Each structure stands twice: as structure tokens, then as C-alpha cells.
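Heads up, the thing below is written out as C-alpha cells.
Residue numbers (my numbering): 36 to 283.
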């Protein structure tokens, strides 16, 4: 039987700006934000994370133009991108902002600015990103880590859960961290089903790390929460996909 447990520790690390705040700020400064399709806005209202990067730029004789790519990660693992154009109508004037759904729309708007046709267009390397989702880093905490591993394996109900060898190894764990993994729908298949994926990373005495991947879902006959644990992220995601397909 699956044992309920607290999920507060599974909240992702806070970003400098939430996806909702970033969207609101972008739409608030764009002169044409009212032209965006309602469906796109509805999708972005449920975004999990965001990324912004400078796409191209041109500066000459008091005129400037920059284009930015803003991408949001959605709960189903897909992404939605908005393109922002920033330019000043004349030297010394305040910049104006426009936003577009398609890159072709951005290019058409850029062409209307009247800048020289040979205006340089360039892609900046990843190091020049304004803000990007950081690569996850484990921040271990020493808090009965061996007992946490024991309880995690005990509540796992999948027949192919990690066995005695893994349990013995994790009995020596000195610290652990729990994080939620994105890239899979929070709800899939039949209405009311929920899925969540967590990484449980353990630090061992020799400074090596071992991760277990927990799938928590309600794809059960009675709708109760069920816990499954796997040795790899791929195996966990495959299990989620199989259950979603059967319940769809």
C-alpha cells in the first residue's frame, strides 16, 4: 500500500523571476500584445519555467534594434516561444517593444524598420544568455538519508523496483536531496489522472552519488496514489508513458 507523505520538499528551486511574472512583464511593455492568440496566453499561464536569450542585434548612428527569444516550458514537456522586437523609432527616442508568436512575423516586422539591408544579424553563444534555467545541482542535506532511502524503497509497488543490493548500498547514504523533474504532463490520459516524477539523489561515504527516480501517480483502479521507483530517469519516464497510454 502506498503511504502518503509530505511533498513540500519537492518544490523546484525558485528562479529569479517566475514564468508568470516574466510573461506579465513582457506583455505589459509590448505595444501589440493584444494581437497574441488567446490560446497561446492560456498555455503560458500554466508554464513551469522560462528561458530568455538575445537572438540578434544591430546598433548604428543612434538607431538600435534587438530581438529576443522567450521560451516557456509547459507541463506536458513541450515549449512555447515568443519573439520580442525592441527598437527605437529615431535616434534619441525611447525604445518600443513588440512581440510575435512566429519567427517569420518577427522577421517581417524587423524588415519594416527601414534599417540598412546589410544590418548584421548574429547569434550569440549560450554564455551571453540574459537568463536561463540553471543546470540542476544537488544540494545535499544530512537528514536521516539512509532511513529516507529505506522508506522510499518500502513504499515502491512496482515489481521491477530496485532490489536488496541497492537497498544495502543506500543504507550507507550520508546525505540526500529530492527534486521534482519536469518534462512530463502533470495530468495525462483519462481526466483526473495525475503524474509526478521526482529524483532522490543520495551521497555515499566515498563521495559518489546514486539517484533513484520515483513516479507518483493515480493511474490505479480505485484512483489512489501509487508510488513506483526506478534506477534511471529513462526507465521512470517509460513507465509513465506506458501507464498514460493504457489509461488514455
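Note that beta-carbon positions come from the ideal geometry of N, C-alpha and C, so glycine has one too.
None of the values given here were measured: they were computed from a predicted structure.
Asked: Distance CB(residue 209)-CB(residue 240) smaller than 9 Å; Found: yes
Asked: Assigned exposure category for residue 72 - 16 Cβ within 10 Å defines buried; Found: exposed
Asked: Per DSSP, the bridge partner or partners of residue 213; Found: 235
Asked: Rounded separation between residue 87 and residue 109 - CA only; Found: 15 Å
Asked: 3 or more residues per run - each beta strand (DSSP E) lying fully within the stretch 89 to 143; Found: 98 to 108, 114 to 122, 131 to 135
Asked: Inter-residue Cα distance where the pair is residue 6 and residue 191; Found: Any question about residue 6 goes unanswered here, given that the chain covers just 36 to 283.
Asked: Straight-line gap, residue 259 to residue 251 (C-alpha atoms, nearest Å); Found: 10 Å
Asked: Limits of the alpha helix (DSSP H) - the one that residue 83 falls within; Found: Where residue 83 is concerned, there is no enclosing alpha helix (DSSP H), given that its DSSP letter is neither H nor E.
Asked: Neighbourhood of residue 96 by C-beta, 8 Å cutoff - its chain only, sequence neighbours within 5 removed; Found: 126
Asked: Presumed contact (8 Å Cβ cut-off) between residue 85 and residue 118, rounded CB distance; Found: Actually they are not in contact, since the Cβ atoms of residue 85 and residue 118 sit about 14 Å apart, beyond 8 Å.
Asked: is_contact[residue 111, chain B] using C-beta, thresh 9 Å; Found: As a matter of chain content, chain B is missing from the structure shown, which is built from one protein chain.
Asked: Beta-carbon proximity list for residue 138, same chain, < 7 Å, skipping 5 on both sides; Found: 118
Asked: Cβ-based neighbour list, residue 289, same chain, cut-off 8 Å, excluding 5 preceding and 5 following; Found: Past the boundaries of the shown model lies residue 289; the chain is included only from 36 to 283, so the question cannot be answered.
Asked: Residue 252 - DSSP class collapsed to helix/strand/coil; Found: strand
Asked: Contacting residues, own chain, Cβ-Cβ under 6 Å from residue 277 (five flanking each side not counted); Found: none
Asked: Burial state of residue 146 (16 or more Cβ within 10 Å); Found: exposed
Asked: Identity of the residues DSSP links to residue 244 by a beta bridge; Found: 238
Asked: Nearest-angstrom beta carbon gap, residue 187 and residue 132 [assumed within contact, 8 Å]; Found: Wrong, their Cβ atoms sit about 48 Å apart, outside the cutoff.
Asked: Within 9 Å, strictly: CB atoms of residue 266 and residue 230; Found: no
Asked: Residue range of the alpha helix (DSSP H) that includes residue 55; Found: 54 to 64
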